[in-house]
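Terminal number for the sequence shown in my numbering: 481, no gaps in between.
Backbone N, C-alpha and C fix where the C-beta goes; we use that ideal spot for every residue, glycine too.
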Amino acid sequence: SEGPAVNSECYTGWYRTWGEKGIIEKEFTASVVLELTEKMYNLNASFNYYMFHGGTNFGFWNGAEYAAGLITSYDYFAPMTENGDYNDKYKAIRDFISGIKGWTHPPQDLPAKPKSFAQSGIVLSKIGNWFDFEQKTINPSRSVQGPVAKTFEDVCCAGYPLHVRDKMECLQLNQAMGFVKYSTKLSIGGSVLDGTGVRDFGYVFVNRQFKGMLSPHYKPHEVKQLKLALKKNDLLEILVENQGRLTWETANDYKGIISAVKLDGSQLTGWTSSPMDVQQLAFVSTSQTAATPFGVGDVFSGDFVASGKGDTFLDMSNWGKGVAWINGFNLGRYWSTAGPQKYLYVPAPLLTEGKNSLVFLELEKLSSDCKSSGSLLTCTINLLDHPLKYK
């Protein structure tokens, strides 16, 4: 056909989703990328490598597929890794360009490897549960009463609770990311809680006791119903996590509770919906402690002085599922029990020469590196000088 040949996304790898099995890196080897590069060049095509430099989905900015959310790392198996290191793909591309006669800008010498350091034995202590910090994460000063939820145009500020009785969507609460808490005092009893409309994960509590997780939209492990012994006047709370927005195809990607929650087939009403600013957990006092045992939604915190300079990687392999902050910066989600990612990247600029603060919100299980001592629950975590391989 007429016109220039252009490939705007010449893939060097691919992204990964939580719980995904398979080894994508075997499909995008250096030889495959080199062969693709040679074809594009021989066609006299203009092309961009996607990705050339891997990245990181810090905070809650990861995308999602229909089956599951993307992992925090966007390393993409690119020629340059998320921490700026180079690999065999980088060298293969460089060598190819070096062999082109008359190339205007021949490659320079290989750059120095980025600095990184390891450190072991950083101590974290349980400082409470996310229910203990509701005064920080939920602003109760304004509420809107009504039979249905308001849209985000009606509620201008995230963090304000909203009383709803019917359809409840995060967007109607001006809550694009993170978590929303839904609560109701049951007017009936029953045994089968149907949360088919939860998007994406619903942590179910009855009278502040964790009872299970709803994940009706998570293909690796779908859970649409929980069997519970619920009584009239029980307090039912569902903390809903938005696991990520779709990366393509549609803008109709509603989060929260998008259809009725039912108990033994009867629709539950009288909900209070409260957007949660979990970022405030990053600034809770690290000096306070909380009694054991572990509970879903526990918050752990600790301070440390970095033993080296450069980038580092949090070893999350013994933890469950949650969110981590360092010096108030949201490093993103971890979900080591699902995999394949079991680390979190910490760029050097996030660290200070003095005290550094580390906070975890753990939503699934207690790390095997934790122990009880009296009324205290303490854990240790290590920093690595390299990322762990996916598995």
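DSSP, reduced to helix, strand and coil, places K226 within a helical segment of the structure shown. In the DSSP secondary-structure assignment, M267 is not bridged to any residue. DSSP places M303 in the uninterrupted beta strand (DSSP E) bounded by Q299 to L304. Around Q357, the same chain offers A350 and V351 as residues with beta carbons nearer than 8 Å, after the five sequence neighbours per side are excluded. With a beta-carbon spacing of about 14 Å, D178 and G144 fall beyond the 8 Å limit used to define contacts.
Put simply, of S447, W338 and V270 the residue whose alpha carbon is nearest the alpha carbon of S364 is V270. Inclusion of T146 and Y435 in the CB contact set at 8 Å is warranted, their separation being smaller than that value. Between S377 and the set L283, S391, T107 and E117, the nearest pair of CA atoms involves S391. In the three-state reduction of the DSSP assignment, N446 falls in the strand class, which pools E and B. C-alpha of K445 to C-alpha of I416: approximately 11 Å in a straight line.
Taken through DSSP and simplified to helix, strand or coil, S188 comes out as helix.
Taking 8 Å as the cut-off, the Cβ atoms of I328 and G387 do not count as close. Buried is the label assigned to T274, since at least 16 other Cβ atoms lie within 10 Å of its Cβ. V122 carries a helical assignment under DSSP once its states are collapsed to helix, strand and coil. For A381, the secondary structure class from DSSP, reduced to helix, strand or coil, is coil. By the beta-carbon neighbour count (other beta carbons within 10 angstroms, threshold 16), W104 is exposed.
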